[in-house]
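Numbering (my numbering), first residue to last: 22 to 534.
Okay, structure first, notes after.
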Ligand code: NDP
Ligand code: BG6
């Protein structure tokens with residue numbers, strides 16, 4: 022598919038065309054963690070390099086380390102060198118580093134927040150001059166509570182014309198289950214209004230994910246067939262080739278169902294399955310997504326055994342190199358029952374989707390990193406071609422590749438040239454790289470910018486998060502009740518055999534990716 026040539030890369034231009042944020046300080050809790058180093062720091066640097074961070078911005082790191090500002094800067098520089106993907110530009114780094122400040126302290130110690138208040142006041146005098154603050158909780162869910170109460174207790178959540186705004190970004194998974202999510206929402210609301218709270222799911226900041234609604238609703242040809250009459254099944258795969266890396270303790274708390282299914286995978290499902298919103302704004306879009314979560318047909322008791330597969334990677338090969346099994350990873354308990362793979366078949370109780378299976382799977386240590394959503398169409402009512410020995414032609418598939426090679430592919434049957442009626446599958450391809458040039462921006466760049474501007478459309482709302490837990494909780498409850506261990510699968514494979522059986526039983530198969 023060709024698109025008109027555009028003068029400048031529209032993916033970056035999109036970011037640049039957004040309103041410039043007000044001067045503000047960004048306070049990051051968890052500055053020694055994987056998320057901060059791998060995603061937040063490179064995104065903040067890129068925003069700064071493009072002039073998208075407000076002048077006089079400050080980034081204040083809070084952690085239980087006895088560092089000074091200089092040591093903090095060295096750590097951030099190390100993260101950039103490792104994860105930016107491009108060489109760090111010295112002149113940009115100098116300006117960026119000038120805004121970095123550090124505040125040492127334990128998260129459950131009121132003294133930390135008193136000190137943070139002082140650091141913010143001093144930083145505001147030196148640089149920011151606004152009082153605006155964005156608090157970013159880049160920490161495991163188990164430490165959200167002391168941070169929220171610490172900020173609130175020290176009156177750091179105040180928000181008003183005379184002293185600037187304050188907003189708080191909470192990472193996923195939001196809570197550990199429905200009950201803890203409700204408690205967390207209540208705790209947040211004690212100190213912050215709903216419009217100050219940004220529950221982040223970085224998949225919603227990915228270009229291809231944002232394009233799902235544009236693809237569906239800005240084009241006349243897809244939406245009429247986007248329903249049970251034409252679609253046979255939907256598949257969502259979020260596969261990672263990495264293991265749990267240095268994140269054993271966090272992952273032991275979460276497992277794949279809380280780490281990926283409850284948030285990223287269900288968000289992708291919602292965008293595919295939702296009804297068109299009445300407007301493209303934070304209220305209307307999120308209203309429709311919540312309806313999808315509420316329409317998920319509950320999986321309870323023995324339904325879970327039939328419709329959900331959990332697995333855990335054992336030793337194997339990753340891209341030809343031997344790798345450890347999950348139980349040998351640092352910070353993982355021997356005999357751990359935590360799942361690193363989940364596959365499931367779910368149905369939506371809606372007029373649009375009744376009877377259409379949605380097959381979802383996610384796992385670590387799969388053969389490759391790929392996220393794809395595919396819609397497989399029903400066969401035509403009368404098969405005129407390709408009957409006989411070779412069987413029916415392959416069904417049409419519309420595949421949205423979220424990463425790494427972002428694009429959309431339509432598979433359809435074509436006549437093989439020559440004096441035969443043979444039908445062969447061919448592909449019509451749209452690739453972001455080919456059509457728009459440069460690579461897409463990192464999801465976190467867009468989302469951080471949205472927080473600074475105050476646009477919450479791409480963030481999840483309290484009722485949406487709780488509804489998603491409402492679907493996940495009975496599944497986890499069944500696992501605990503039955504107490505069986507996740508099925509082992511070799512690192513570098515597509516998961517346990519039971520995941521194949523799940524679709525095979527329905528006479529379908531997973532897309533080969
Ligand atoms: P890590 O385990 O790598 O980092 C956790 C951070 O929290 C560290 O800085 C750690 O500090 C700090 N921390 C943990 N416990 C405490 C405590 N009791 N007191 C003070 N500091 C503490 O986790 P991630 O960075 O990977 O994940 C953090 C959050 O981000 C999770 O909710 C995760 O779901 C989410 N996320 C992660 C992504 C990723 O790619 N990593 C992507 C999207 C979301 P210390 O060094 O002192 O232990
Ligand atoms: C995070 C999970 O939310 O998403 C990680 O906590 C996972 O376990 C990561 O690796 C995947 O993100 P991405 O953008 O690399 O697909």
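Here a beta-carbon is modelled for each residue, glycine too, at the ideal position from N, C-alpha and C.
Quick one: is the Cβ of residue 223 within less than 7 Å of any heavy atom of the ligand BG6?
yes
Put residue 448 into one of helix, strand or coil per three-state DSSP.
Note: residue 448 maps to strand in three-state DSSP.
Considering only residues of the region 361-393, which uninterrupted beta strand (DSSP E) runs meet the minimum length of 3 residues and lie entirely inside it, listed in chain order?
Annotation note: the region 361-393 contains the following uninterrupted beta strand (DSSP E) runs of length 3 or greater, listed N- to C-terminal: 362-367, 379-384.
To the nearest angstrom, how far is it from the Cα of residue 175 to the Cα of residue 205?
18 Å
Anticipated Cβ contact below 8 Å, residue 535 with residue 221, distance rounded:
What is shown of the chain runs 22 to 534, which leaves residue 535 out entirely.
Taking contact to mean at least 3 C-beta pairs separated by less than 8 Å, is the region 235-242 in contact with the region 525-533?
no
Distance between residue 521 and residue 505 (C-alpha atoms, nearest Å)
Spanning the alpha carbons of residue 505 and residue 521 requires a straight line of approximately 19 Å.
List in chain order: all unbroken beta strand (DSSP E) runs of 3+ residues lying wholly within the region 41-97.
46-50, 79-84
According to the Cβ coordinates, are residue 436 and residue 418 closer than 8 Å?
no
Beta carbon of residue 57: closer than 7 Å to some heavy atom of the ligand BG6?
no
Please report the distance separating the alpha-carbon of residue 52 from that of residue 531.
Going from the Cα of residue 52 to the Cα of residue 531 covers about 39 Å.
From what residue to what residue does the beta strand (DSSP E) around residue 541 run?
Outside the displayed range of the chain (22 to 534) lies residue 541, so it cannot be described from this structure.
Contacting residues, own chain, Cβ-Cβ under 6 Å from residue 164 (five flanking each side not counted)
128
Can you grab the Cα-Cα spacing for the pair residue 412 / residue 283, in whole Å?
39 Å
Assumed close pair residue 151, residue 42 - CB separation to whole angstroms, cut-off 8 Å:
Actually they are not in contact, since the Cβ atoms of residue 151 and residue 42 sit about 10 Å apart, beyond 8 Å.
Contact the region 101-111 vs the region 136-152: 3+ CB pairs below 8 Å
no
Any heavy atom of the ligand NDP closer than 7 Å to the Cβ of residue 52?
Taking the Cβ of residue 52 as the reference point, at least one heavy atom of the ligand NDP falls within a distance shorter than 7 Å.
Taking the continuous beta strand (DSSP E) assigned at residue 121, which residues delimit it?
121-125
Spatially closest choice to residue 226 from 476, 518, 182, 328, by CA coordinates:
476
Within the present structure, is the beta-carbon of residue 268 separated from the nearest heavy atom of the ligand NDP by less than 7 Å?
yes
Could you tell me if residue 404 is buried or exposed, where buried requires 16 or more neighbouring beta carbons within 10 angstroms of its beta carbon?
By the neighbour-count rule (16 or more Cβ atoms within 10 Å), residue 404 is not buried but exposed.
Hey, could you find the ends of the beta strand (DSSP E) residue 153 is sitting in?
No beta strand (DSSP E) contains residue 153, which DSSP labels as neither H nor E.
Simplified DSSP state of residue 160, which is helix, strand or coil:
In the three-state reduction of the DSSP assignment, residue 160 falls in the coil class.
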